[in-house]
Amino acid sequence: MTTLSVDEARARLLAGARPLTETGTIQADQALGRVLAAPLTSGIAVPPLDNSAMDGYALRLSDCAEGRWLPVSQRIPAGHIGQPLQAGTAARIFTGAPVPEGTDTVVMQEDCEVDDGRVRVQRAPKTGANIRRAGEDIRVGQTVLTPGDRLTPARLGVAASVGATDLTVYRRLKVAVFFTGDEIVMPGQPLAPGRIYNSNRATLRGLLDQLGCEIVDLGQVPDRLGATVAVLERAAAQADVVITSGGVSVGEEDHVKAALERLGRIDMWQVAMKPGKPLVHGRVGDSDFLGLPGNPVSAFVVFCLFARPFLLARMGAAVAPLKPYTVPAGFDWGKPGKRREFLRGRFEAGQAALYPSQSSGVLTSLAWADGLVDIEAGATVRAGDPVRFLPLSELLA
Ligand code: AMP
Ligand code: MG
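Everything in the sequence shown is counted per my numbering, starting at 9 for the first residue and increasing by one.
Take a look at the structure:
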């Protein structure tokens with residue numbers, strides 16, 4: 009089996025991820041989390057007109073020399089267009105209101121003295137202050153969103169700011185999941201001796217939901233080759249990508265590989281990392297296959313580092329490289345490993361702390377963690393040393 013580094017394995021997976029081609033137009037209101045498939049170009053300037061950034065007085069600064077009093081000639085609330093500013097006067101103006109023609113500056117009301125319909129500037133700002141210029145956010149014709157952008161709340165806000173009501177997006181990626189293991193039982197069922205509850209289903213479904221995938225859940229599959237082949241065939245017939253948990257080790261109770269060999273083709277790499285087993289991927293018909301380890305922590309970490317970027321690329325989305333932060337270690341790590349380790353950690357009080365148990369079966373470590381501490385193979389760490397920290401908020405962004 010080929011041994012690959014984490015980065016090599018990611019690169020190979022991404023190179024093989026065929027982006028969806030089908031697109032459609034949907035209402036922007038329904039587009040949260042979807043992936044944009046066509047550039048969004050603005051037909052307007054944002055803001056459309058020069059406007060006031062403050063509640064205050066619009067004027068020409070040269071009219072205010074030596075504390076001159078200026079008559080307040082008009083009042084312009086947001087949403088209303090004033091008259092051209094007459095020389096030697098000021099306009100009462102509110103945040104967001106277009107500045108009247110002839111204005112060069114807005115003075116905030118806190119810097120003005122007002123008396124009997126007149127205003128006097130007490131503290132003059134620089135010429136041009138407090139005016140938001142037309143087009144300072146977006147120019148006419150500017151491309152504001154590009155294909156591959158995932159539609160976050162902020163991007164949907166940008167789309168709305170240029171007046172978009174419909175957006176062209178990729179169709180949703182269909183992901184079939186099933187869970188192997190004679191020992192796993194669904195919550196709600198009695199727990200017979202020797203059994204454990206299926207936690208991977210809850211975690212994986214949540215991760216896929218957050219990505220905006222359409223989930224086809226084929227449930228649990230016993231550790232038998234025939235059953236595994238049957239469910240894999242059904243999964244591949246329905247979905248773009250099939251993801252499973254467990255059954256990919258080398259024991260005789262592990263049938264996923266054999267099922268995959270029977271129905272399609274399989275690639276297996278040993279990724280030099282911990283936690284994580286071999287990374288199993290392959291193809292059945294036109295569907296991609298990714299096999300996650302059964303251990304809940306391993307499944308989660310392998311999903312974050314490999315499956316997720318693969319799915320994003322498949323969805324047509326731009327995939328960001330891993331962006332570790334360098335932070336001081338709040339722990340000693342005295343056992344240099346043969347593989348790169350991704351430890352469950354938390355950034356607190358300016359340093360990375362570790363969960364007391366780093367066993368790949370301890371899922372509470374991930375519920376506690378807000379990031380993974382990424383330690384090179386062979387490294388030892390003393391408290392205070394710089395370590396790489398991958399926030400879960402980035403890994404799941
Ligand atoms: P496997 O990869 O099938 O050898 O499973 C490795 C470990 O993960 C075993 O201890 C399994 O019991 C456990 N495991 C497998 N699937 C699940 C699951 N869906 N939920 C919780 N633990 C699981
Ligand atoms: Mg198993």
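Even for Gly, the Cβ is constructed at its ideal location relative to N, Cα and C.
All figures in this text were calculated on a predicted structure; none of them were measured in a lab.
To the nearest angstrom, how far is the alpha carbon of Leu319 from that of Ala25?
Here residue 319 refers to the residue found at position 311 of the sequence shown. Here residue 25 refers to the residue found at position 17 of the sequence shown. When the Cα atoms are used, Leu319 and Ala25 turn out to be separated by approximately 8 angstroms.
Alpha-carbon to alpha-carbon, Arg291 and Ala434
Since the first residue shown for the chain is 9 and the last is 405, residue 434 is missing from the structure and cannot be characterised.
Give the range of the alpha helix (DSSP H) segment to which Pro161 is assigned.
Translated into positions along the sequence shown, residue 161 becomes position 153. The continuous alpha helix (DSSP H) containing Pro161 extends over residues Pro161 to Ser169.
In the DSSP output, what is Asp174 paired with across the bridge?
Indexing the sequence shown from 1 puts residue 174 at position 166. Bridge partners of Asp174: Gln35.
CB Leu93 to CB Pro108, shorter than 8 angstroms?
Within the sequence shown, the letter at position 85 stands for residue 93. Within the sequence shown, the letter at position 100 stands for residue 108. Yes, Cβ-Cβ distance for Leu93 and Pro108 is below 8 angstroms.
Distance, Cα to Cα, Asp340 vs Gln35?
Counted from its first residue, the sequence shown places residue 340 at position 332. Counted from its first residue, the sequence shown places residue 35 at position 27. C-alpha of Asp340 to C-alpha of Gln35: approximately 52 angstroms in a straight line.
According to DSSP, what are the bridge partners of Glu356?
As a working mapping, residue 356 is identified with position 348 in the sequence shown. In DSSP, Glu356 forms a bridge with Gln359.
Alpha carbon to alpha carbon, how far is Ala200 from Ile251?
Within the sequence shown, residue 200 is the residue found at index 192, counting from 1. Within the sequence shown, residue 251 is the residue found at index 243, counting from 1. Going by C-alpha positions, Ala200 is about 27 angstroms away from Ile251.
For the beta strand (DSSP E) containing Trp277, list its first residue and its last residue.
Numbered from 1 along the sequence shown, position 269 holds the residue referred to as residue 277. Following the DSSP letters along the chain, one finds Trp277 inside the beta strand (DSSP E) bounded by residues Arg273 to Val279.
Classify Val258 as buried or exposed, calling it buried when 16 or more other Cβ atoms lie within 10 Å of its own Cβ.
Along the sequence shown, read from residue 1 onward, the residue named residue 258 stands at position 250. Val258 comes out exposed.
Can you list, in chain order, the residues of its chain with a C-beta nearer than 7 angstroms to that of Met323? Leave out the 5 residues immediately preceding and following it.
Walking along the sequence shown from the start, residue 323 turns up at place 315. Counting only Cβ-Cβ distances below 7 angstroms, and skipping sequence neighbours, we find Leu28, Val43, Tyr178 and Leu181.
If you measure from the CB of Glu261, is any heavy atom of the ligand MG nearer than 7 angstroms?
Residue mapping note: residue 261 aligns to position 253 of the sequence shown, counting from 1. Yes - the ligand MG has a heavy atom lying nearer than 7 angstroms to the Cβ of Glu261.
In terms of residue numbering, what span does the beta strand (DSSP E) encompassing Ala184 cover?
As a first step, residue 184 is located in the sequence shown; it is residue number 176 there, counting from the start. Lys182 to Thr188 is the extent of the beta strand (DSSP E) around Ala184.
Taking 8 angstroms as the threshold (C-beta atoms), are Pro85 and Gly125 in contact?
For this step, residue 125 is matched to residue 117 along the sequence shown. For this step, residue 85 is matched to residue 77 along the sequence shown. The Cβ atoms of Gly125 and Pro85 do not sit closer than 8 angstroms to each other.
Please indicate yes or no: does the CB of Val395 lie closer than 7 angstroms to some heavy atom of the ligand AMP?
Here residue 395 is taken as the residue at index 387 of the sequence shown, counted from 1. It does not: the Cβ of Val395 is nowhere closer than 7 angstroms to a heavy atom of the ligand AMP.
Identify whether Ala137 lies in helix, strand or coil by the three-state DSSP scheme.
Position 129 of the sequence shown, counted from the first residue, corresponds to residue 137. In the three-state DSSP reduction, Ala137 falls in the coil class, being neither helix nor strand.
Whose C-beta lies closer than 8 angstroms to the C-beta of Ile274 among residues of the same chain, with five residues either side of it excluded?
Taking the sequence shown and counting its residues from 1, the one referred to as residue 274 is at position 266. Lys265, Leu268, Val288, His289, Gly290 and Phe297.
Per-residue burial, Ser295 [other beta carbons within 10 Å of its own, 16 or more giving buried]
Translated into positions along the sequence shown, residue 295 becomes position 287. Ser295 comes out buried.
Simplified DSSP state of Thr11, which is helix, strand or coil
One-based indexing of the sequence shown puts residue 11 at position 3. Look at Thr11 here: in three-state DSSP terms it is strand.
Could you tell me if Ser253 is buried or exposed, where buried requires 16 or more neighbouring beta carbons within 10 angstroms of its beta carbon?
Position 245 of the sequence shown, counted from the first residue, corresponds to residue 253. It is buried - the Cβ of Ser253 has at least 16 other Cβ atoms within 10 Å.
How far does the beta strand (DSSP E) with Pro317 in it extend, from its first residue to its last?
Position 309 of the sequence shown, counting from 1, holds the residue named residue 317. According to the DSSP assignment, Pro317 belongs to no beta strand (DSSP E) but to the alpha helix (DSSP H) extending over Arg316 to Arg322.
Under 8 angstroms between C-beta atoms of Arg55 and Asp145:
Looking up residue 55 in the sequence shown gives position 47. Looking up residue 145 in the sequence shown gives position 137. According to the sequence provided, residue 55 is Pro. The question's Arg does not apply to it. For Pro55 and Asp145, yes; Cβs fall inside 8 angstroms.
Residue range of the unbroken beta strand (DSSP E) whose run includes Gln218:
Indexing the sequence shown from 1 puts residue 218 at position 210. Run containing Gln218: none in the beta strand (DSSP E); it sits in the alpha helix (DSSP H), Asn208 to Leu219.
Whole angstroms is fine: what's the gap from Ser306's alpha carbon to Ala243's?
Translated into the one-based positions of the sequence shown, residue 306 becomes position 298. Translated into the one-based positions of the sequence shown, residue 243 becomes position 235. Between the alpha carbons of Ser306 and Ala243 lies a gap of roughly 23 angstroms.
Looking only at its own chain, which residues have a Cβ that is under 6 angstroms from the Cβ of Glu121, when we skip the five neighbours before and after it?
The sequence position of residue 121 within the sequence shown is 113, counting from 1. If we look at Glu121 and ignore the five residues flanking it on each side, its Cβ neighbours are Arg128 and Gln130.
For Gln246, three-class secondary structure by DSSP
On the sequence shown, residue 246 is found 238 positions in, with the first residue counted as 1. The three-state reading of DSSP puts Gln246 in helix, counting H, G and I together.
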